[in-house]
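In our numbering, the protein residues as written are 4 to 421.
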Ligand SMILES: Nc1ncnc2c1ncn2[C@@H]1O[C@H](COP(=O)(O)OP(=O)(O)OP(=O)(O)O)[C@@H](O)[C@H]1O
Ligand SMILES: [Mg+2]
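Shown next as structure tokens:
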């Protein structure tokens, strides 16, 4: 295949239920960039839980399988990947800094300096900085400037949203991916990546909440004014829905998972009274029948709880849905549950839609046409964006992985996008 190596990007998403690899080619230039998906690999795995590796060898196996499958479909080998982090290992805070303006008007270099000052805080030895996202600038004490380049002023202050991650977590993840045979070029916050795949620039600008319902955790992220404003991880997710079905229906874990995907729903009212399903035997419990309504009831209770926690997180962060007019976009495997849009609409009292990766995509788009692909496709899109803007790295070949050298001095501020 004739793809320039520098224009290739690869991503691997290490989820609690599956590992997903995406390989693509960057299309377009600077502002009109996109991604042509060339290969996708999905391997079920339970080697990780909420971003923490529980079974190292199993994780290595699944990364290798997902990546090799994606490479085979793409007909191309890659060396370097973008990978995601999320969950309880991520911390955030807002920090501010001041710098004086060197020339007659504010230049990009002044902003880079003030951003550096604001970001230069101590996180403790066990945390490393993942993203520093400028939120707002003050010019000579006046707040409310998103981009003050070109303005006259003597002093500029920046408020920067800092996202850090536990060093041990990225170290283990890097080790597993390297053992599988690939290099990690950069770690990216998962909701930041997912937003590129499922949220439009207009929605990010007007204000939107992204709720990612995964297998191990649920992530909430608020975007407004084009930037990430807040993110948090909730303890409950799809795995808890399955566990509730195990208890409520007296079935095994794998039967519960199947029943959930095949007969599940979040809306009891939509299920007919007389609909029954067959429950397989489990241990001493013989095969029997149950009302399908019961499945929906159990799922409804847990999913409503998860969504209410999500709503509480938004209000606790100081936001109201009135300030986020684009409403809620739900992603992750759990977003595929029938009735989920309606339930989310009830809880948030806002417009809701399911986020399926479409933004800026070509190629094997059908292969990733489900909400569970928001994060892996978003990671590849994040890479594509970096490459198109000339600040990232391509996926390279197996033999030229020296990414750190490429990235080295480039400190890019995400203000254009986030
Ligand atoms: N059609 C469906 N109906 C209901 N639940 C579903 C459906 N499809 C997937 N799920 C659930 O979605 C969850 C997996 O979601 P996802 O693939 O986004 O998680 P993950 O990335 O592996 O985990 P995490 O990001 O939490 O570490 C599982 O609990 C699965 O049962
Ligand atoms: Mg996930």
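Glycine included, each C-beta is placed from N, C-alpha and C at the ideal position. Computed from a prediction, not measured in an experiment: that's the story for all the values here.
query: Provide the residue span of the beta strand (DSSP E) that contains residue 16, from first to last.; result: 11-17
query: Helix, strand or coil for residue 128 per DSSP?; result: coil
query: Taking a contact to mean a Cβ-Cβ separation below 7 Å, would you say residue 208 touches residue 229 in this structure?; result: yes
query: In whole angstroms, what is the alpha-carbon distance linking residue 381 and residue 224?; result: 14 Å
query: Which of the three DSSP states, helix, strand or coil, is assigned to residue 139?; result: strand
query: Would you mind sorting residue 123 into buried or exposed? The rule is 16 or more other CB atoms within 10 Å of its CB.; result: exposed
query: Where do the ends of the alpha helix (DSSP H) carrying residue 195 lie?; result: 193-201
query: Where does residue 110 fall in DSSP's three states?; result: coil
query: Is there at least one Cβ from chain D nearer than 7 Å to residue 54's Cβ?; result: The structure shown contains no chain D; it is built from a single protein chain.
query: Can you give the Cα-Cα distance for residue 349 and residue 50, rounded to whole angstroms?; result: 35 Å
query: Pick helix, strand or coil for residue 403, following the three-state DSSP scheme.; result: Residue confidence for residue 403 is low, a pLDDT of 42 falling below 50, so the modelled location carries little weight; the figure read from the coordinates is stated next. In this structure, residue 403 counts as coil in the three-state DSSP scheme.
query: Mind checking whether the beta-carbon of residue 217 lies closer than 6 Å to any heavy atom of ligand 2?; result: yes
query: What I want to know is whether the C-beta of residue 45 ends up closer than 6 Å to one or more non-hydrogen atoms of ligand 2.; result: no
query: Measure how close the beta-carbons of residue 13 and residue 99 come, nearest whole angstrom, since I'm counting them as under 8 Å.; result: Not quite, the Cβ-Cβ distance comes to about 36 Å (not below 8 Å), so this is no contact.
query: Check for me: the beta strand (DSSP E) holding residue 79 runs from which residue to which?; result: Element bounds for residue 79: n/a, residue is neither H nor E.
query: Taking the C-alpha atoms as reference points, what is the distance between residue 320 and residue 96?; result: 12 Å
query: Taking C-beta to C-beta, are residue 44 and residue 89 nearer than 7 Å?; result: no
query: Any heavy atom of ligand 2 within a distance shorter than 6 Å of the CB on residue 54?; result: no
query: Mind checking whether residue 221 and residue 237 have CB atoms under 7 Å apart?; result: yes
query: What are the residues that DSSP puts in a beta bridge with residue 281?; result: 292
query: Just to confirm, does residue 244 get its C-beta within under 6 Å of one of the non-hydrogen atoms of ligand 2?; result: no
query: Quick one, which of 29, 38 and 260 has its alpha-carbon nearest residue 336's?; result: 260
query: Do the CB positions of residue 163 and residue 113 come within less than 7 Å of each other?; result: no
query: Identify the continuous beta strand (DSSP E) that holds residue 169 and give its terminal residues.; result: 158-169
query: Quick check: the stretch 282-295 against the stretch 307-319, are at least 3 beta-carbon pairs closer than 8 Å?; result: no
query: Could you have a look at residue 176 and say whether DSSP puts it in helix, strand or coil?; result: helix
query: Is it right to say residue 272 is buried, meaning 16 or more other beta carbons lie within 10 angstroms of its own, or is it exposed?; result: exposed
query: Expressed to the nearest angstrom, what Euclidean distance is found between the alpha-carbon atoms of residue 328 and residue 347?; result: 15 Å
query: Give the range of the alpha helix (DSSP H) segment to which residue 256 is assigned.; result: 256-266
query: Starting from the N-terminal side, write out each stretch of the beta strand (DSSP E) that is 3 residues or longer and does not extend beyond the stretch 296-358.; result: 331-334 and 355-357
query: Excluding five sequence neighbours on each side, which residues of the same chain lie with their C-beta closer than 6 Å to the C-beta of residue 138?; result: 162 and 164
query: Just to confirm before moving on: does the CB-CB distance between residue 77 and residue 22 stay below 7 Å?; result: no
query: Taking 6 Å as the cut-off, is the C-beta of residue 249 nearer than that to any heavy atom in ligand 2?; result: no
query: Please confirm whether residue 213 and residue 203 have their CB atoms less than 7 Å apart.; result: no
query: What's the C-alpha gap between residue 303 and residue 270?; result: 6 Å
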